[in-house]
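Student:
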Amino acid sequence: MNIGGKIIGDAQYSSVLTASSLKGTNIINNQDENLGEIKDIMIDLLSGNVAYVVVSFGGFLGMGNKLFALPWEAFVIDEKKEKVVVNIDKQVLENAPGFDKDAWPKSTDRNFIGQVYSHYGYKPYWERDRDFFTKDRAGNRIDYNYNAGTSSSSLGVL
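Going by this note's numbering, the first residue of the sequence shown is number 32, and it counts up by one from there.
1) Specify the secondary structure class of Ala50 as computed by DSSP and reduced to three states.
2) Per the contact definition of three or more C-beta pairs closer than 8 angstroms, is the region 101-109 in contact with the region 74-89?
3) Round the Cβ separation of Leu101 and Gly129 to the nearest angstrom and send it over; I've been treating them as touching at under 8 angstroms.
4) Enumerate in chain order the residues of its own chain whose CB-to-CB distance from Ala127 is below 6 angstroms, with the five nearest sequence positions on each side excluded.
5) The beta strand (DSSP E) spanning Leu77 covers which residue range?
6) Between the Cα of Val47 and those of Gln122, Glu110, Trp157 and Ala134, spot the shortest distance and give me the residue it belongs to.
7) Residues in the same chain with beta-carbon distance under 7 angstroms from Ile74, minus the five sequence neighbours each way, listed in chain order, please.
8) Use the C-beta contact count for Lys67: other C-beta atoms within 10 angstroms, 16 or more gives buried, fewer gives exposed.
9) Which same chain residues end up closer than 6 angstroms to Asp133 when comparing Cβ atoms and leaving out the 5 residues on each side of it in sequence?
10) Just curious, the beta strand (DSSP E) that Ile58 is in, first and last residue?
11) Rounded to whole angstroms, what's the CA-CA distance from Gln146 to Glu158? Just pull it up for me.
12) Measuring CB to CB, does Ile59 end up less than 7 angstroms from Val123?
13) Could you give the residue range of the beta strand (DSSP E) that holds Phe99?
14) Would you mind sorting Leu76 into buried or exposed? The rule is 16 or more other CB atoms within 10 Å of its CB.
15) Relative to the alpha-carbon of Asp120, which residue among Gly55, Asn65, Ile144 and Lys54 has its alpha-carbon at the smallest distance?
16) Measure the alpha-carbon distance for Tyr156 versus Val85 and round it to whole angstroms.
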């Protein structure tokens, strides 16, 4: 697979990409409209999640471009077409709060990141993570009441 001008490997056997291979890659939406290019990928070091992707959009011939933060969940890597697609209308991006290349938002500001996710209709990653671990999932539970070979509910009692 060739994204951003770099061979990524056999996508059939791997779903891992380097962040640097995505930088500089043009992105389109589902309507095949050009929405700019990926400038950077911001990682939440505490959770290991991609906090957001920084995209350059607008301007003319690269002049006057604004930077925008987009939720990683909005991105789809189309391996067959070797394209990066975002599930965002061009008008939604045009109306999004952007920032200047010399005035990036504080990357740890959860209010900013929460507003980004809300603007595009996504739930922030920290809320998704919390929901995953707080929902009752049988596969994530440990039942300590084994009662193996005993009439007691306590482990180690015979």
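Backbone N, C-alpha and C fix where the C-beta goes; we use that ideal spot for every residue, glycine too.
Tutor: The structure says:
1) Annotated three-state conformation of Ala50 is helix, per DSSP.
2) In short, these stretches touch, since the Cβ pair count reaches three.
3) By a beta-carbon distance limit of 8 angstroms, Leu101 does not contact Gly129. Their separation comes to about 11 angstroms.
4) Taken in chain order, the residues that qualify are Phe99 and His150.
5) Here Leu77 belongs to no beta strand (DSSP E), and DSSP marks it neither H nor E.
6) The residue with the shortest Cα to Cα distance from Val47 is Glu110.
7) The answer, listed in chain order, is Val81 and Ala82.
8) Note on residue identity: the sequence assigns Gly, not Lys, to residue 67. The residue in question, Gly67, is buried, as its Cβ has 16 or more Cβ neighbours within 10 Å.
9) Residues of the same chain with a CB within less than 6 angstroms of the CB of Asp133, apart from the 5 flanking positions on each side, do not exist.
10) Where Ile58 is concerned, the enclosing beta strand (DSSP E) stretches over Asn57 to Asn60.
11) C-alpha of Gln146 to C-alpha of Glu158: approximately 13 angstroms in a straight line.
12) Cβ atoms of Ile59 and Val123: not closer than 7 angstroms.
13) If you look at Phe99, you'll find it in the beta strand (DSSP E) that goes Lys97 to Leu101.
14) When all chains shown are included, Leu76 counts as exposed.
15) With distances taken between Cα atoms, Asp120 lies closest to Asn65.
16) Rounded to whole angstroms, the separation of the alpha carbons of Val85 and Tyr156 is 16 angstroms.
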